[in-house]
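Engineer:
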Amino acid sequence: MSTKEAGDKEVGLAATPSKRGPSSAHEDPSEGPETADHTPKKPRTEGGKEGPGSGPAEAGGDEGHTGAAATGEAAEGTKKEGSHIIEQGTIQFFYRPKVGKEEVDSLDDVQRFFMLLRPDAAGVKSRMCVLGKKRLPSARRHERFFCFVEATAEDPAELLEGLGPKSYETRTRGTRHLEAARAVGEGTYALVEHPDRVNLVYKLEVPTTPGEAQLEFTIGEAGSFICQVKNPAGRGRDDPGLDQKAEYPLEKQEEFQHYSWIPPRDPQLFEYEHCEFLLIGARQDEELIGRLGQEGAQAAQQGGLASLTESERGAVSDEEGMLERLREEVQADKVGIFTEPAETGELL
2 MSTKEAGDKE VGLAATPSKR GPSSAHEDPS EGPETADHTP KKPRTEGGKE GPGSGPAEAG
62 GDEGHTGAAA TGEAAEGTKK EGSHIIEQGT IQFFYRPKVG KEEVDSLDDV QRFFMLLRPD
122 AAGVKSRMCV LGKKRLPSAR RHERFFCFVE ATAEDPAELL EGLGPKSYET RTRGTRHLEA
182 ARAVGEGTYA LVEHPDRVNL VYKLEVPTTP GEAQLEFTIG EAGSFICQVK NPAGRGRDDP
242 GLDQKAEYPL EKQEEFQHYS WIPPRDPQLF EYEHCEFLLI GARQDEELIG RLGQEGAQAA
302 QQGGLASLTE SERGAVSDEE GMLERLREEV QADKVGIFTE PAETGELL
């Protein structure tokens, strides 16, 4: 079976505002829940604008350039000095086979691909996100993928329960069965604010080296994505995307002003269900990703190995500790989630 290219050396993407935005296809209820692919469309451009540095980035050129932005090393230095982390935590990836499929051989057998963001800060909601193309976007191919927040909860265990096996009745096909989701990776992530954009970056920790399963979903050892959040006000019924939009309180809605897309400088925008956003492949920040990797290793020592004695702890590798932490965090035994793809790198 051929595998998809992952862990590409990231190439730059311009942050020039665009008047083209994606949308999702409406869900097809014929196969029950989780059947939509949510492939981006090309909506009309009347009404609504993108703010400076806030429109969906176009491929080509150096990352972060705007029409009037300075170029060269001076501009790069300014952007780096002005960047800072606005949120960080644990990121986990899952996939669920299609209805009636017990095993997955390729993306054709996958119903949905999930990304769970679990912020470190207390009192901040975790978010279960759905990626429309059923994998991560590639920077080398200048890909941009439509995504949305399916559910949020202060306790991530509530979100994980939704990944267990399901059965439902249909009028024409009787009882239909959905297999439990499979965990395909875990790592650390950060939302990084730059003067002209916000990036979602991650460092994979489990497995330490991507295998067949990870490559199938374009999950590399690390990744970086320009992130844009869509204004739910849109253009009413004619607005492409989800039928049900995020319902922000007035103070959050005002952050969009009159723009169609904005960088999520306020991470709380992701705490609302049906939040629609873009992930756009971008160049990696090696220094930041290195920091994320160190924090992930420390979490493994404090988490998965915490219950072991001192002598036992010395005999267990960081990777084994991370695997144990993953099993505990996704409640593999309780919910029925399979962790073998993350542990072995093989599709299941």
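Start counting the sequence shown at 2; every next residue gets the next number (this note's numbering).
Note that the Cβ used here is the ideal one computed from N, Cα and C, for glycine as well.
The structure presented is a predicted model; accordingly, all values stated were derived computationally and were not measured.
1) Suppose you measure from the CA of A214 to the CA of E287; what does that come to, to the nearest Å?
2) Would you decide whether A307 is buried or exposed? Buried here means 16 or more other CB atoms lie within 10 Å of its CB.
3) DSSP three-state call for A15: helix, strand or coil?
4) Scan the region 131-164 and note each continuous alpha helix (DSSP H) run of 4 residues or more that stays entirely inside, going in chain order.
5) Sorted by chain position, which residues of the same chain lie with C-beta nearer than 6 Å to R119's C-beta, five sequence neighbours on each side aside?
6) Bridge partners of G167, per DSSP?
7) State buried or exposed for G291, treating a residue as buried only when at least 16 other CB atoms are found within 10 Å of its CB.
8) With V336 as the anchor, note down where its alpha helix (DSSP H) starts and where it stops.
9) Name the DSSP beta bridge partners of Q368, please?
10) Enumerate in chain order the residues of its own chain whose CB-to-CB distance from A75 is below 6 Å, with the five nearest sequence positions on each side excluded.
11) Rounded to whole angstroms, what's the CA-CA distance from G282 to R174? Just pull it up for me.
12) Can you tell me where the beta strand (DSSP E) holding Q229 begins and where it ends?
13) If you follow the alpha helix (DSSP H) that P342 is in, where does it begin and where does it stop?
14) Just to check, is the beta-carbon of S84 closer than 6 Å to a non-hydrogen atom of the ligand COA?
15) Compare the beta carbon distance of V150 and F271 with 7 Å and say whether it is the shorter of the two.
16) Do you know how far the Cα of Y96 is from the Cα of V400?
17) Below 8 Å, how does it come out for the region 272-279 and the region 239-258: are there three or more Cβ pairs, yes or no?
18) If I'm right that P211 touches G224 with Cβ under 8 Å, what's the distance once you round it to whole angstroms?
19) To the nearest angstrom, how far is the alpha carbon of R183 from that of N232?
20) Which of the three DSSP states, helix, strand or coil, is assigned to R292?
21) Taking R266 as the reference, which of Q332, C148, Y260 and P196 has the closest Cα?
22) Along the chain, where does the beta strand (DSSP E) that runs through R119 open and close?
23) Suppose you measure from the CA of T345 to the CA of L280; what does that come to, to the nearest Å?
24) Taking C-beta to C-beta, are G337 and P166 nearer than 7 Å?
25) Using only the alpha-carbon positions, how far apart do R198 and Q93 sit?
26) In angstroms with no decimal places, state the Cα-to-Cα distance between M193 and V230.
Structural biologist: Taking the geometry as given:
1) Walking along the sequence shown from the start, residue 214 turns up at place 213. Walking along the sequence shown from the start, residue 287 turns up at place 286. Whole-angstrom Cα-Cα distance: 24 Å.
2) Start at 1 with the first residue of the sequence shown, and residue 307 comes out as number 306. For A307, the pLDDT reaches just 42, beneath the cut-off of 50, and the residue's location in the model is therefore unreliable, although a value from the coordinates is still provided. Exposed.
3) As a first step, residue 15 is located in the sequence shown; it is residue number 14 there, counting from the start. Confidence is the limiting factor: at A15 the pLDDT is only 37, short of 50, which leaves the residue's position unreliable, though a coordinate-based value still follows. A15 falls in the strand class under three-state DSSP.
4) 157-162
5) Residue 119 sits at position 118 when you count from the first residue of the sequence shown. The answer, listed in chain order, is G90, T91, S127 and P157.
6) Position 166 of the sequence shown, counted from the start, is the residue given in the question as residue 167. Correcting the residue identity first, residue 167 is Lys in this sequence and not Gly. Partner(s): L179.
7) Stepping through the sequence shown from its first residue, residue 291 is reached at position 290. Flag for G291 reads exposed.
8) Mapped onto the sequence shown, residue 336 falls at position 335. It spans A333 to V336 - the alpha helix (DSSP H) in which V336 sits, taken as one unbroken run.
9) The displayed coordinates of the chain run from 2 to 349. Any statement about residue 368 would go beyond what the structure contains.
10) The residue given as residue 75 occupies position 74 in the sequence shown. Confidence at A75 is low in this model, with a pLDDT of 38, below 50, so the placement of that residue should be treated as unreliable; the coordinate-derived value is given next. Excluding sequence neighbours, A75 sits near nothing in its chain.
11) Residue mapping note: residue 282 aligns to position 281 of the sequence shown, counting from 1. Residue mapping note: residue 174 aligns to position 173 of the sequence shown, counting from 1. The alpha-carbon atoms of G282 and R174 are separated by roughly 40 Å.
12) As a first step, residue 229 must be located in the sequence shown, where it is residue number 228. Counting along the chain, the beta strand (DSSP E) containing Q229 begins and ends at A223 to K231.
13) Residue mapping note: residue 342 aligns to position 341 of the sequence shown, counting from 1. Here the alpha helix (DSSP H) through P342 covers E341 to T345.
14) The ligand content of the structure shown is nil, which means the ligand COA is not present either.
15) The residue labelled residue 150 in the question sits at position 149 within the sequence shown. The residue labelled residue 271 in the question sits at position 270 within the sequence shown. A contact, by the Cβ cut-off of 7 Å.
16) Lying before the first or after the last residue shown, residue 400 is absent from the chain, which here runs from 2 to 349.
17) yes
18) Within the sequence shown, the letter at position 210 stands for residue 211. Within the sequence shown, the letter at position 223 stands for residue 224. In fact, because the Cβ distance is near 11 Å, the residues do not count as touching under 8 Å.
19) Counting from one through the sequence shown, the residue named residue 183 turns up at place 182. Counting from one through the sequence shown, the residue named residue 232 turns up at place 231. Going by the C-alpha atoms only, they are around 32 Å apart.
20) Along the sequence shown, read from residue 1 onward, the residue named residue 292 stands at position 291. Helix at R292.
21) The residue labelled residue 266 in the question sits at position 265 within the sequence shown. The residue with the shortest Cα to Cα distance from R266 is P196.
22) As a position in the sequence shown, residue 119 is number 118, starting the count at 1. Start and end: V111 to P120.
23) Counting from one through the sequence shown, the residue named residue 345 turns up at place 344. Counting from one through the sequence shown, the residue named residue 280 turns up at place 279. Each residue's alpha carbon lies about 27 Å from the other.
24) Here residue 337 refers to the residue found at position 336 when the sequence shown is read from its first residue. Here residue 166 refers to the residue found at position 165 when the sequence shown is read from its first residue. Cβ distance < 7 Å, so G337 and P166 count as in contact.
25) Along the sequence shown, read from residue 1 onward, the residue named residue 198 stands at position 197. Along the sequence shown, read from residue 1 onward, the residue named residue 93 stands at position 92. So the two alpha carbons sit approximately 23 Å from each other.
26) Taking the first residue of the sequence shown as position 1, residue 193 is located at position 192. Taking the first residue of the sequence shown as position 1, residue 230 is located at position 229. The identity of residue 193 in the sequence shown is Val, whereas the question assumes Met. Whole-angstrom Cα-Cα distance: 15 Å.
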